[in-house]
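Visitor: I'd like to ask some things about the structure below.
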Amino acid sequence: MNDQHPTQPLADPSARWVLSTDAAASAPRRRGRRWPWLIAVIAVAVLAAGAWFAGEYIARGIVERTIRDQVASRLDIPADQHVDVDVRGAVIPQLIGGRLDDVTVSAADVSLGALTGDVEVHAAGVPIRGDAPLQSASATVRLDQDQVRALLGTVDGFPADAVTVEAPDIVMSTELKAFSLSVPVGVSLTPSASGGDLVLTPRALRVSGAEVSADVLIDQFGALARTVVRDWDVCVKQYLPVGLTLSGVRVDGAQVVADIAIDPRITVDAALQQKGTCS
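For the sequence shown, numbering that gives the first Met the number 0 begins at 0 and goes up steadily by one.
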């Protein structure tokens, strides 16, 4: 007797294979779609950064070139002479704000009449348009020995050709003549600023190599000694705009360093841009 048992059909193996294949195929596609978006974001970020740096580079070049041209024009600096301009910080945000935060301009052997030296100007809060004053500004002029001699050569009776720069003084060598004798005298002069001018004050005297006091020199040579035992006033106002004032002088090694205060209104006041005069 044959038992008649109903049988359940077996699941089709091929059906399971098809379903698993579809599921496996769909998952990578969902993960794969994320990569193009990530790559696109990175590419945009790189392009944006590149555009920023390219724009910053171009803007900086334009600003520094404009400042350099203006300085060369106003100071009559030859076209082949190098003028170094340094603008601190990112330029584009400063241009948007209307001011350059920190600017330094320097040039070697700048001539302002008989006053010649290496000039460095530092300015803060520089307006990009000429309708506002600076926040602050100052300058430094460095003169070597030959440049000091050229400046002191404008002073009547000063033996500029016999001057040497020996820190902390400017040393003047001359001679005092008594009867038929010529006595060599060396005078160590301390530089300072007074009323916007350079003042040289005797600090030490040497006669024939021996240091003496001013009183001794006057006792020996009388009124003749007063030609060297005196302060020497050197007017520098005539070489500078009215808005620039000599505020300090010192000897640094073999150079004389002059500190100059700049009136922040010089950018908007034409009177401050005119050359000064000696009273």
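Ideal placement from N, C-alpha and C gives every residue a C-beta, glycine not left out.
#1: Would a C-beta distance cut-off of 8 Å place S110 and D83 closer than the cut-off?
#2: Which runs of the beta strand (DSSP E), 3 residues or longer, sit entirely within the stretch 78 to 161?
#3: By the three-class DSSP mapping on this structure, what secondary structure does P263 have?
#4: With which residues is I169 paired in a DSSP beta bridge?
#5: Is it buried or exposed for G195, if we count other Cβ within 10 angstroms and need 16 for buried?
#6: Please name the residue or residues paired with L243 in a DSSP beta bridge.
#7: Have a look at E119 and L239 and give me their C-alpha separation to the nearest angstrom.
#8: What is the C-beta distance between V164 and V255, in whole angstroms, given that I count them as a contact (C-beta under 8 Å)?
#9: Rounded to the nearest angstrom, what separates R128 and D117 at their Cα positions?
#10: Quick one: give me the first and last residue of the alpha helix (DSSP H) that D338 is part of.
#11: Is the beta carbon of P158 sitting closer than 8 Å to the one on T139?
#12: Inspect the beta-carbon positions of A136 and A149 and report whether they are closer than 8 Å.
#13: Thinking C-beta only, is P263 closer than 8 Å to P132?
#14: State the Cα-Cα distance for the pair G275 and T103, rounded to the nearest angstrom.
#15: Between which two residues does the beta strand (DSSP E) holding T200 run?
#16: So, P190 versus V235, is the Cβ gap smaller than 8 Å?
#17: With DSSP as the reference, identify every bridge partner of D251, one or two as the case may be.
#18: So the beta strand (DSSP E) V233 belongs to, where does it begin and stop?
#19: Give the straight-line distance between the Cα atoms of P201 and I259, rounded to the nearest whole angstrom.
#20: Closest to A58 by CA distance: which of S246, I217, Q69, L99 is it?
#21: If we ignore side chains and look at the alpha-carbon of each, how far apart do A203 and G156 end up?
#22: Quick one: using the 10 Å Cβ neighbour count with 16 as the cut-off for buried, is T226 buried or exposed?
#23: Please classify V182: does DSSP put it in a helix, a strand, or coil?
#24: Near A166, which residues of its chain fall below 7 Å by C-beta distance, leaving aside the five closest residues on each side in sequence?
#25: Decide if D2 is buried, meaning its Cβ has at least 16 other Cβ atoms within 10 Å, or exposed.
#26: Could you tell me the distance, in whole angstroms, from the CA atom of S193 to the CA atom of S181?
#27: Hey, out of A269, L114, G221, R87, whose CA is closest to L151's CA?
#28: At the level of alpha carbons, what is the spacing between L142 and L94?
#29: Report all residues from its chain with a CB closer than 7 Å to the CB of F220; omit the five preceding and five following residues, and keep chain order.
#30: Here's the rule: buried if 16 or more other CB atoms are within 10 angstroms of the residue's CB, otherwise exposed. What is T244?
Guide: In terms of the structure at hand:
#1: Here the question's residue 110 lines up with position 111 in the sequence shown. Here the question's residue 83 lines up with position 84 in the sequence shown. Contact: no.
#2: 82 to 86, 98 to 111, 114 to 126, 135 to 142
#3: Numbered from 1 along the sequence shown, position 264 holds the residue referred to as residue 263. Correct three-state label for P263: helix.
#4: Here the question's residue 169 lines up with position 170 in the sequence shown. Paired residue(s): V164, L188.
#5: By one-based count along the sequence shown, residue 195 stands at place 196. Under this definition G195 is a buried residue.
#6: What you label residue 243 is simply residue 244 of the sequence shown in a count that begins at 1. Partner(s): I261.
#7: Reading the sequence shown from its first residue, position 120 is the one you call residue 119. Reading the sequence shown from its first residue, position 240 is the one you call residue 239. Cα to Cα, the separation comes out at about 14 Å.
#8: Mapped onto the sequence shown, residue 164 falls at position 165. Mapped onto the sequence shown, residue 255 falls at position 256. Confirmed, Cβ separation roughly 6 Å.
#9: The residue labelled residue 128 in the question sits at position 129 within the sequence shown. The residue labelled residue 117 in the question sits at position 118 within the sequence shown. Rounded to whole angstroms, R128 to D117 spans 27 Å at the Cα level.
#10: One cannot answer for residue 338 here, as it falls past the ends of the chain, which runs 0 to 278.
#11: The residue you call residue 158 lines up with position 159 of the sequence shown. The residue you call residue 139 lines up with position 140 of the sequence shown. No; because the gap between Cβ atoms is not below 8 Å, this pair is not in contact.
#12: Numbered from its first residue, the sequence shown carries residue 136 at position 137. Numbered from its first residue, the sequence shown carries residue 149 at position 150. Result no, Cβ atoms of A136 and A149 do not sit closer than 8 Å.
#13: If you number the sequence shown from 1, residue 132 lands on position 133. If you number the sequence shown from 1, residue 263 lands on position 264. Yes, the Cβ-Cβ distance between P132 and P263 is below 8 Å.
#14: Here residue 275 corresponds to residue number 276 of the sequence shown, with the count starting at 1. Here residue 103 corresponds to residue number 104 of the sequence shown, with the count starting at 1. Whole-angstrom Cα-Cα distance: 24 Å.
#15: Mapped onto the sequence shown, residue 200 falls at position 201. That run of the beta strand (DSSP E) goes 196 to 206.
#16: Numbered from its first residue, the sequence shown carries residue 190 at position 191. Numbered from its first residue, the sequence shown carries residue 235 at position 236. No; because the gap between Cβ atoms is not below 8 Å, this pair is not in contact.
#17: Position 252 of the sequence shown, counted from the first residue, corresponds to residue 251. In the DSSP output, where bridge partners are listed per residue, D251 has Q254.
#18: Counted from its first residue, the sequence shown places residue 233 at position 234. That run of the beta strand (DSSP E) goes 231 to 233.
#19: Against the sequence shown, residue 201 aligns to sequence position 202. Against the sequence shown, residue 259 aligns to sequence position 260. Taking the straight line joining both Cα atoms gives about 23 Å.
#20: By one-based count along the sequence shown, residue 58 stands at place 59. Checked all of S246, I217, Q69, L99; the closest Cα to A58 is L99.
#21: For the purposes of this step, residue 203 is taken as the residue at position 204 of the sequence shown. For the purposes of this step, residue 156 is taken as the residue at position 157 of the sequence shown. Taking the straight line joining both Cα atoms gives about 20 Å.
#22: The sequence position of residue 226 within the sequence shown is 227, counting from 1. With fewer than 16 other Cβ atoms within 10 Å, it is exposed.
#23: Within the sequence shown, numbered from 1, the residue matching residue 182 stands at position 183. Residue state, collapsed to three classes: strand.
#24: Sequence index remark: in the sequence shown, residue 166 carries index 167 (1-based). V250, D251, G252.
#25: Counted from its first residue, the sequence shown places residue 2 at position 3. Its pLDDT being 49, under 50, D2 is placed unreliably by the model, and nothing is read from it.
#26: Counted from its first residue, the sequence shown places residue 193 at position 194. Counted from its first residue, the sequence shown places residue 181 at position 182. Approximately 34 Å, taken between the alpha carbons.
#27: Indexing the sequence shown from 1 puts residue 151 at position 152. Residue L114 is the option with its Cα nearest to L151.
#28: Against the sequence shown, residue 142 aligns to sequence position 143. Against the sequence shown, residue 94 aligns to sequence position 95. Each residue's Cα considered, the two are about 35 Å apart.
#29: As a position in the sequence shown, residue 220 is number 221, starting the count at 1. L175, A177, listed in sequence order.
#30: Position 245 of the sequence shown holds residue 244. Buried: at least 16 other Cβ atoms inside 10 Å.
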